[in-house]
Amino acid sequence: MNWGIELWDQYDNLAAHTHKGIDFLDKYGNFVKERCAIELEYATKLRRLVKNYQPKRKEEDEYQYTPCKAFKQLLQELNDFAGQREVVAENLQSNVVRELHLLAKELREERKQHLNEGAKQMGVLHSSIGSLDRARRAYERAARESERALETFQKADADLNLSRAEVEKQKANMKLRSQACEDAKQEYMDQLRKTNEAQRQHYEQRLPHVFKQLQDLDEKRIKNIKNFMISSVDVERKVFPIIMKCLDGMEQAANSINEKEDTKLVIDRYKSGFVPPEDFQFETATGGDTTDSANTHHHTHNHLTAARGTVSGNKIKKRGGLLSIFSSNKKIVEACNSIKNNMSTDGKEDYSDLPPNQKKKKLQAKVMELSKQVAQEQAAMEGLMKMKGVYETSPALGDPMTVEGQLNECCDKLKKLRAQLNKFEELLAEANSQVGAPPVHTTARTNGQPPPGHTQATSIGSNSESLSRSASESSVSTGTGTGGAGARAAGGSPESGLGGELAAAHHDHANGHDHDPDNDHDNDHESDFDYYYCEPDLQPVGYCKALYAFEGIGSGSTMKMECGERLLVLETDAGDGWTRVRRQLTREEGFVPTTYIATTLYADANAH
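Under my numbering, the residue at position 579 of the sequence shown is numbered 640, and the numbers go up by one with no gaps.
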């Protein structure tokens with residue numbers, strides 16, 4: 062199929078066709094360009110939508126529920142989806158729109174050149190045809206003049222009245238006209254041959270070549286449109302895997318919604334810890350039976366006392382006036398209003414404005430946060446001490462005094478954190494008693510001596526001070542519910558030097574918290590065991606072997622050990638570099654450096 066052969070006479074139509082083809086290429090380029098703009102606008106609006114629906118700071122508490130978490134994850138996936146639409150727009154712009162623009166410009170220039178060449182060849186052919194037409198007209202004119210000269214000569218030769226000279230003149234004119242006619246004829250024949258040759262070359266070689274170039278140009282345009290469409294599809298297809306991941310993420314977020322979990326969260330969030338009010342009692346009118354009224358009041362008092370009690374040491378113990386607000390109708394209304402106000406007012410530092418259960422949760426979180434901060438500061442302080450030691454042994458590495466200021470600053474910060482931790486541990490112990498948990502008493506473990514009438518299970522020989530310090534740490538761990546790591550980070554490790562201070566603080570807190578002078582008349586019959594109890598021995602969590610001998614540090618809570626000695630592990634290293642151990646025969650307890658022993662935990666041994 063060749064335009065030069067099949068369409069040899071359609072020069073004008075082919076010129077118009079190629080013009081329309083390039084216009085269509087421009088039209089497709091504008092389409093892709095506008096689509097890029099739409100993709101960018103779509104992505105921009107999606108990102109704006111995601112930004113507008115991001116959780117505000119005041120709404121963060123609401124985003125603990127599974128639908129809110131799922132919605133937040135869906136927003137993230139939608140933001141990623143918008144990013145993929147931007148990638149589509151950018152790739153279309155760089156791979157399609159720009160190339161389309163360059164191709165259209167190139168095709169226009171090529172078409173112009175080909176059409177100029179075709180016009181030139183058409184001009185050559187038209188010039189040759191014009192020369193042929195002029196030669197033909199000249200030949201026709203010469204033939205007519207030759208014919209008239211012949212007729213004039215024949216008339217003169219037949220006329221006897223004309224002289225011989227006149228006849229010869231007409232004869233010479235006839236011959237001249239006949240020769241001119243022959244010359245015009247010859248010229249016409251030559252021009253005819255040239256014109257026919259030019260026409261054959263025009264329609265068989267020159268113009269087909271031009272048409273072939275136009276055909277190649279048009280096929281190039283069509284082929285590139287095909288490639289651009291495929292490229293547009295490929296751009297879209299390349300982002301499909303990521304878009305599918307985004308959609309899968311949205312589906313996963315929706316599947317993560319759990320109504321039961323949200324129900325539990327609502328309970329945990331809004332549970333006050335109070336008990337429902339007692340039934341209203343019959344109040345005898347004035348002048349009634351005073352004996353029945355007194356009996357009814359005594360029965361009501363006992364009933365309320367039993368309901369308000371807290372189990373401690375297998376005995377009923379009156380709560381310190383927490384629920385006495387329900388003693389009358391007026392106080393019941395005031396209590397309900399107080400609870401409602403506490404749930405809506407701004408929080409205080411000690412969370413005293415919150416109901417008991419919510420206060421306990423906040424205090425537990427605060428204690429955990431402070432414990433982590435204390436552990437971090439202790440680790441930083443140990444690093445600075447090691448750096449100082451390195452500088453002291455190798456002065457070339459640095460001046461030890463440059464670390465002194467940082468050590469003092471770290472020590473001050475650590476003291477403040479420990480003071481805050483002690484404060485919130487006391488508040489948490491008090492909150493535990495308010496929500497019905499048995500109070501934790503630390504007196505028997507903070508003064509180094511057992512209470513009257515009892516024996517101390519963990520005190521042997523000269524290590525009573527060491528064990529009282531360890532026991533005070535255990536009491537902190539038990540009272541706060543934060544575990545051994547938090548208690549030891551709060552100042553119970555041997556090198557901290559704050560074990561006695563922490564024990565004394567808890568001793569004062571235990572005495573002040575459990576003794577209520579207002580309730581002495583209700584507790585006269587109770588035993589002193591309500592305020593003291595002996596903690597059972599800690600259960601070993603593994604065993605260890607001493608790699609090096611350790612002499613102990615002064616008369617603190619550390620313990621001496623010999624190289625190769627086998628000991629029981631009571632508490633693992635909480636990050637302070639010390640491990641709590643027990644000697645099996647003498648049941649002596651204390652702390653030893655973690656790096657001096659090889660520890661095997663029972664859980665690890667069972668796993669192997």
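Just so it is clear, CB atoms sit at the ideal spot from N, CA and C, and this is done for glycine as well. Quick caveat: nothing in here was measured; it's all calculated off a predicted structure.
Candidates Val296, Leu445, Glu470 and Asp309: closest to Gly459 by CA position: Leu445
Could you tell me which of Glu649, Tyr72 and Gln313 sits nearest to Asn177, measuring between CA atoms? Tyr72
Should Met620 go down as buried or exposed, given a rule of 16 or more other Cβ atoms within 10 Å for buried? buried
Count the other CB atoms within 10 Å of the CB of Phe343; is the residue buried (16 or more) or exposed (fewer)? exposed
Quick check on the DSSP output: what are the complete alpha helix (DSSP H) runs of length 4 or more inside the segment 294-357, in order along the chain? 320-331
In the DSSP output, what is Met686 paired with across the bridge? Since the first and last residues shown for the chain are 62 and 669, residue 686 lies out of range.
Who are the Cβ neighbours of Gly179 in its own chain at under 7 Å, not counting the five residues just before and after it? Tyr72, Leu268 and Val271
For Ser189, which residues of its own chain have a beta-carbon under 6 Å away from its beta-carbon, when the five flanking residues on both sides are left out? Thr256 and Ala259
Can you grab the Cα-Cα spacing for the pair Pro116 / Arg109, in whole Å? 14 Å
Below 8 Å, how does it come out for the segment 244-256 and the segment 147-167: are there three or more Cβ pairs, yes or no? no
Quick one: Cα of Ala245 to Cα of Met183, how far? 27 Å
Just verifying my parser: in three-state terms, what is the DSSP assignment at Tyr264? helix
Separation of Lys236 from Met62, as counted between CA atoms: 57 Å
Could you pull the DSSP bridge partners for Ala659 from this structure? Lys606
According to DSSP, residues forming a beta bridge with Trp639: Pro654
Whole-Å CB distance - Cys471 paired with Ala436, under 8 Å assumed: Wrong, their Cβ atoms sit about 13 Å apart, outside the cutoff.
Whole angstroms are fine: how far does the CA of Thr324 sit from the CA of Thr127? 10 Å
May I ask you to report which of helix, strand or coil DSSP gives Arg627? strand
Give a yes or no on whether the C-beta atoms belonging to Ser333 and Pro461 are separated by under 8 Å. no
Tell me the residue span of the alpha helix (DSSP H) that contains Asn222. It is not in any alpha helix (DSSP H) - Asn222 carries neither H nor E in the DSSP assignment.
In three-state terms, what does DSSP make of Glu670? Not covered by the structure: residue 670. The range shown for the chain is 62 to 669.
What are the boundary residues of the alpha helix (DSSP H) that Ala436 is part of? Pro417 to Thr454
Between Tyr663 and the rest of its own chain, which residues show a CB-CB distance below 7 Å, the 5 nearest in sequence each way excluded? Val602 and Gly603
CB-CB length for Arg282 against Leu168, believed under 8 Å: 6 Å
Distance, Cα to Cα, Val158 vs Lys173? 23 Å
Let me check one thing: in DSSP terms, what residues is Glu632 bridge-paired to? Arg641
Near Tyr657, what residues of its chain come up, given a Cβ to Cβ distance below 7 Å and the 5 sequence neighbours on each side ignored? Ala607, Leu608, Tyr609 and Phe611
Report buried or exposed for Thr79, applying the criterion of at least 16 other Cβ atoms within 10 angstroms of its Cβ. buried
Can you check whether the CB of Glu138 is closer than 8 Å to the CB of Met305? no
What does the alpha-carbon distance come out to for the pair Gly625 and Glu487? 42 Å
Do Leu628 and Arg705 count as a contact pair if the criterion is CB distance below 8 Å? Outside the displayed span of the chain (62 to 669) sits residue 705, for which this structure offers no information.
Same chain, Cβ closer than 7 Å to Ala217, five either side skipped, listed in chain order: Leu223, Glu227, Val228 and Gln231
Per-residue DSSP class, three states only, for Arg648: coil
Roughly how many angstroms lie between the CA atoms of Gln125 and Ala314, to the nearest whole one? 14 Å
What are the boundary residues of the alpha helix (DSSP H) that Ala104 is part of? Tyr72 to Asn113
On a CA-only basis, which of Lys447, Arg479 and Gln419 is nearest Lys433? Give me that one, please. Arg479
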